[in-house]
């Protein structure tokens, strides 16, 4: 039989494919069970999904799940607490081996999370306290987020100022950030909170803007706004800009996105600083912590992703225009060496 170039090409492709298959098999074999074989199924059960932060968080969850070769199901309750609890039961019925609970209310998620544990399913929770010692809590170090932003506010404005504060109680990360705000007010007696407001009604930024307009009219002496969630900060900025107060008021926040960076870089922007973790990295860490549980490892009860302070000046001086620039020019923002055992694939590796 004559051997043609086409046959040789096919043989080469076959060998290359076999080599890739063997490499993939070898990589999987290097991982602990159940990740040494395909077929692991996990679910992400979401409470909040509106805004850039949550889109980036989801992209991180998807990237790490893909790197691990797991089947990811995403269930989105769109801020319906009862539906989110029902979705945990839906995930159980789907036969998943692990569940990530992302945000939510303690009172609605505590029992739902316990039902999953009782069903033999591994569970981790991001930014919702389900009050369960068997469920690791993925956190952004919310107290440190608030501390970094507020320390910058004191640095910029001194130890005496009138503040507007955006807050919604009952959301775990906001409650933790609030603890730091309370501590800062005690430390600096010259800081006076003259107005507190906030809502999670969709669209969040526009709803907060509506409230902020009234607050600014009622309290013209406000010179600092502490809005420790970027959707809150966007809303405050809308109202501040409309009132022409962007040179009088400074906004300090938590979290970051490309649209936030653009807003902070605007000429004479009131948005002075934010403290943030990379939401995509937090999503990756959530999956990794769950994977460790499934592999019989202990990621720890509090899995904390350290934050970074990001100032308006730094964004301009380093010509940071988007999240890609931020990761490239602030390497500590690009990856967190958290829940990262030797066998864990890194979706950010090039």
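Numbering (mature numbering (1 follows the signal peptide of the UniProt record, and there is no 0)), first residue to last: -28 to -1, 1 to 322.
C-beta atoms are modelled at their ideal positions from N, C-alpha and C, and glycine is treated no differently.
Computed from a prediction, not measured in an experiment: that's the story for all the values here.
Quick check on the DSSP output: what are the complete alpha helix (DSSP H) runs of length 4 or more inside the segment 69 to 149, in order along the chain?
78 to 90, 114 to 129
- request: Whole angstroms is fine: what's the gap from residue 83's alpha carbon to residue 69's?
  value: As a position in the chain shown, residue 83 is number 111, starting the count at 1. As a position in the chain shown, residue 69 is number 97, starting the count at 1. If you take the alpha carbons of residue 83 and residue 69, they lie about 18 Å apart.
Secondary structure at residue 318, three-state DSSP: helix, strand or coil?
Taking the chain shown and counting its residues from 1, one reaches residue 318 at position 346. Reduced to three states, the DSSP call for residue 318 is coil.
- [ ] Output the distance between the C-alpha atoms of residue 182 and residue 236, rounded to the nearest integer angstrom.
- [x] Residue 182 sits at position 210 when you count from the first residue of the chain shown. Residue 236 sits at position 264 when you count from the first residue of the chain shown. Cα-Cα distance, rounded: 20 Å.
**OP:** With DSSP as the reference, please indicate the residues paired to residue 328 in a beta bridge.
**Re:** No statement about residue 328 is possible, as the shown extent of the chain runs from -28 to 322 and does not include it.
Between the segment 137 to 152 and the segment 297 to 314, are three or more C-beta pairs nearer than 8 Å?
no
Nearest to residue 193 (by Cα), restricted to the options 56, 136, 90, 157: Numbered from 1 along the chain shown, position 221 holds the residue referred to as residue 193. For residue 193, the nearest C-alpha among the options comes from 136.
- Skipping 5 residues on each side, what residues in its chain have a beta carbon closer than 7 Å to that of residue 106? Residue numbering aside, residue 106 sits at position 134 when the chain shown is read from its first letter. Excluding positions up to five away in sequence, the list reads 89.
Given residue 41, which residues of its chain have a CB within under 8 Å of its CB, disregarding the five upstream and five downstream residues? The residue you call residue 41 lines up with position 69 of the chain shown. Excluding five sequence positions before and after residue 41, the CB atoms of its chain that fall closer than 8 Å to its own CB belong to -1, 7, 10, 12, given in chain order.
Per DSSP, what kind of secondary structure is residue 305 in: helix, strand or coil? Taking the first residue of the chain shown as position 1, residue 305 is located at position 333. Helix, per DSSP.
*asked:* Can you look up residue 231 in the DSSP assignment and give me helix, strand or coil?
replied: Taking the chain shown and counting its residues from 1, the one referred to as residue 231 is at position 259. Residue 231 falls in the helix class under three-state DSSP.
For this session: Rounded to whole angstroms, what's the CA-CA distance from residue 64 to residue 221? Just pull it up for me.
Result: Within the chain shown, residue 64 is the residue found at index 92, counting from 1. Within the chain shown, residue 221 is the residue found at index 249, counting from 1. Rounded to the nearest angstrom, the two C-alpha atoms are 49 Å apart.
Tell me whether residue 196 is buried or exposed, calling it buried when 16 or more other Cβ atoms sit within 10 Å of its Cβ.
As a working mapping, residue 196 is identified with position 224 in the chain shown. Classification of residue 196: buried, given that the 10 Å Cβ count is 16 or more.
Requested in this report: Please confirm whether any heavy atom of the ligand NAP lies closer than 6 Å to the CB of residue 245.
Outcome: This structure lacks the ligand NAP, and indeed carries no ligand of any kind.
Just confirm the distance between the C-beta atoms of residue 149 and residue 205, as a whole number of angstroms; I'd bet it's less than 8 Å.
Here residue 149 refers to the residue found at position 177 of the chain shown. Here residue 205 refers to the residue found at position 233 of the chain shown. Not confirmed; about 13 Å, so no contact.
**Request:** Please check the pair residue 121 and residue 39, which I expect to be a contact at CB under 8 Å, by giving their CB distance rounded to whole angstroms.
**Result:** The residue given as residue 121 occupies position 149 in the chain shown. The residue given as residue 39 occupies position 67 in the chain shown. With a Cβ gap of about 32 Å, residue 121 and residue 39 do not count as contacting.
Review point. Any chance the segment 45 to 63 sits against the segment 270 to 289, with 3 or more Cβ pairs inside 8 Å?
Key: no
| said: I'd like to know whether the C-beta atoms of residue 267 and residue 96 end up nearer to each other than 7 Å. | reply: Indexing the chain shown from 1 puts residue 267 at position 295. Indexing the chain shown from 1 puts residue 96 at position 124. Against a cut-off of 7 Å, the Cβ pair of residue 96 and residue 267 comes out as no contact.
Check: So is residue 219 buried or exposed if we call it buried at 16+ other beta carbons inside 10 Å?
Finding: For the purposes of this step, residue 219 is taken as the residue at position 247 of the chain shown. Exposed: under 16 other Cβ atoms inside 10 Å.
* Asked: Between which two residues does the beta strand (DSSP E) harbouring residue 168 extend?
  -> As a first step, residue 168 must be located in the chain shown, where it is residue number 196. Per DSSP, residue 168 belongs to the beta strand (DSSP E) from 162 to 169.
Practice prompt. Evaluate residue 111 with the Cβ neighbour count: other Cβ atoms within 10 Å of its Cβ, from every protein chain shown; 16 or more gives buried, anything less gives exposed.
Written response: Taking the first residue of the chain shown as 1, we reach residue 111 at position 139. Label assigned to residue 111: buried.
*asked:* Cutting at 6 Å between CB atoms, please list the residues of its own chain near residue 80, excluding the five before and the five after it.
replied: For the purposes of this step, residue 80 is taken as the residue at position 108 of the chain shown. If we look at residue 80 and ignore the five residues flanking it on each side, its Cβ neighbours are 53, 57.
If you count every other CB in all the chains shown that lies within 10 Å of the CB of residue 50, and 16 or more means buried, which is it? Locating residue 50 in the chain shown gives position 78, where the first residue counts as 1. With fewer than 16 other Cβ atoms within 10 Å, it is exposed.
Considering just the uninterrupted stretch of the alpha helix (DSSP H) at residue 281, what are its terminal residues?
Position 309 of the chain shown, counted from the start, is the residue given in the question as residue 281. Counting along the chain, residue 281 falls outside any alpha helix (DSSP H), though it belongs to the beta strand (DSSP E) covering 280 to 283.
#### Entry: Coil, strand or helix - residue 213 by DSSP
Taking the chain shown and counting its residues from 1, one reaches residue 213 at position 241. Correct three-state label for residue 213: helix.
Query raised in the report: Which of the three DSSP states, helix, strand or coil, is assigned to residue 325?
Result: In the structure displayed, the chain extends from -28 to 322; residue 325 sits before or after that span and is not available.
So what's residue 291 in DSSP terms, helix, strand or just coil?
If you number the chain shown from 1, residue 291 lands on position 319. It is coil, neither helix nor strand.
Practice problem: Measure the alpha-carbon distance for residue 23 versus residue 203 and round it to whole angstroms. | Solution: The count along the chain shown starts at 1 and reaches residue 23 at position 51. The count along the chain shown starts at 1 and reaches residue 203 at position 231. Roughly 7 Å between the two C-alpha positions.
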